[in-house]
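Trainee: First the structure, which I've put down as structure tokens, then a few questions once you've had a look.
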Ligand SMILES: NC(=O)C1=CN([C@@H]2O[C@H](COP(=O)(O)OP(=O)(O)OC[C@H]3O[C@@H](n4cnc5c(N)ncnc54)[C@H](O)[C@@H]3O)[C@@H](O)[C@H]2O)C=CC1
Ligand SMILES: CC(C)CC(=O)C(=O)O
Ligand SMILES: [Mg+2]
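In the working numbering, the protein residues as written are 17 to 366.
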């Protein structure tokens, strides 16, 4: 078997964490007898520097032609001044990639590794057993609505169609059916029209999933519930911006943002994009302190979703769990293990 992966290192710590994950991919593919082909493409700020645009056409073509895409992160303060003068932002490349590839569902799992109970900022008895899958709608809502930007007035809009809500709802209901059978839909239906449509469509789709228990929760209260009773949730489905914010919050609940992976998926024949949920972390870029685990676990999701290599994916997840259980602690978990230390330990555990 062979697997082709397009690598988009991007900016800041992106190249550091993707390099680690590629080494892990190489090792598990070798263990599995799979021939792995990887090729890096310019993306984000790095692509603006060389081509003037954050998503060059050749990069998009390479992504579409691969079995899966492994992405680091984009952005950095060095692009702000040019963007104010009208240049594209690195983040626009990421939004365009998601839209061009039709990646409407972003799966962001937050499972507490039992050995990290003490690493959560929350009391152990509150966080114990937390295992949530956030299904974030990724190509609609506030990030893709009409936008107008001026010095005196600015406007962002939050549009959703029934079809856009329906397809992500199906992803979430199917996930809940395969897990603990509970779905929490998060919206702001007491204020937003788009949220009232969201709620209606979730209820309509629920008729096809009688075995899934559905609850609707307003997003402000949800932000609070996630720190007071995170272990009571199973699958959470929500709008693009709400999902972006709540999943960063959850990553800290189970330890740190550096641990959190994601899979962005579209139609079955479309390659997915797999990336940590964090950004380019300019404050630690180049220091060797970045935690590569979120990207390494994203590579595991790539093997699972893009190649059906469940055993290989599981071997990565087990190796991560092993090194943490043995006491390895990256900087973002209060330890002293740098990117190289974490990568070497995971490779050894594999
Ligand atoms: N998917 C992407 O490419 C994303 C890009 N961004 C961009 O990244 C840039 C920085 O944004 P921030 O708000 O600072 O968010 P960020 O996620 O890059 O960093 C937030 C904090 O978490 C820490 N952190 C993040 N990842 C870490 C890791 N792997 N190991 C250890 N510590 C880690 C950082 O050092 C920082 O203190 C901005 O330009 C932003 O637009 C932000 C979020 C997602
Ligand atoms: C456009 C991105 C920077 C949005 C984001 O923060 C994310 O997808 O996690
Ligand atoms: Mg984010």
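Ideal Cβ placement from N, Cα and C applies to all residues, glycine included.
1) Return yes when at least one heavy atom of ligand 1 lies under 7 Å from the C-beta of residue 112, else no.
2) Which ranges does the beta strand (DSSP E) cover as unbroken runs of at least 3 residues, wholly within the segment 240–302, from first to last along the chain?
3) Out of 39, 55, 28 and 113, state which residue places its alpha-carbon closest to the alpha-carbon of residue 281.
4) Residue range of the beta strand (DSSP E) that residue 23 falls in?
5) Go through the segment 149–204 residue by residue and report every complete run of the alpha helix (DSSP H) that reaches 4 residues or more, in order.
6) Could you name the residues of the same chain whose beta carbon sits closer than 6 Å to that of residue 200, not counting the 5 residues immediately before and after it, in chain order?
7) How many angstroms separate the CA atom of residue 132 from the CA atom of residue 304?
8) Buried or exposed: which applies to residue 275, given that a residue is buried once 16 or more other Cβ atoms fall within 10 Å of its Cβ?
9) Does the beta-carbon of residue 347, which I'm using as the reference point, lie nearer than 7 Å to any heavy atom of ligand 1?
10) Residue 135 and residue 292: beta carbons closer than 8 Å?
11) Excluding the 5 residues flanking residue 39 on each side, which residues of the same chain have their C-beta closer than 7 Å to its C-beta?
12) Using a Cβ-Cβ cut-off of 7 Å (strictly less than) and excluding sequence neighbours within five positions of residue 296, which residues of its own chain qualify?
13) Have a look at 70, 17 and 218 and flag the residue whose alpha-carbon is nearest the alpha-carbon of residue 49.
14) Figure out for me which residue from 105, 346 and 326 has the closest Cα to the Cα of residue 33.
15) If you count every other CB in all the chains shown that lies within 10 Å of the CB of residue 100, and 16 or more means buried, which is it?
16) With a threshold of 8 Å, are at least 3 pairs of Cβ atoms found where one atom belongs to the segment 319–326 and the other to the segment 256–275?
17) Closest to residue 23 by CA distance: which of 46, 57 and 43 is it?
18) Using only CA atoms, which one of 111, 228 and 188 lies nearest to residue 155?
19) According to DSSP, is residue 84 part of a helix, a strand, or is it coil?
20) Helix, strand or coil: how does DSSP classify residue 136 here?
21) Can you list, in chain order, the residues of its chain with a C-beta nearer than 6 Å to that of residue 334? Leave out the 5 residues immediately preceding and following it.
22) The beta strand (DSSP E) with residue 233 in it runs from where to where?
23) Tell me whether residue 96 sits in a helix, a strand or coil according to DSSP, three-state version.
24) Is residue 29 near ligand 1, going by C-beta to nearest heavy atom under 7 Å?
25) Give every residue of the same chain whose Cβ lies closer than 8 Å to the Cβ of residue 337, excluding the five residues on either side of it in the sequence, and list them in chain order.
26) Looking at residue 75 and residue 62, is the spacing between their C-beta atoms short of 8 Å?
Mentor: In short:
1) no
2) 251–254, 279–281 and 288–290
3) 113
4) 18–26
5) 178–194
6) 231, 233, 249 and 252
7) 22 Å
8) buried
9) yes
10) no
11) 359 and 363
12) 26, 27, 28, 29, 30, 89, 90, 91 and 92
13) 17
14) 346
15) exposed
16) no
17) 57
18) 111
19) strand
20) coil
21) none
22) 229–234
23) helix
24) yes
25) 129 and 131
26) no
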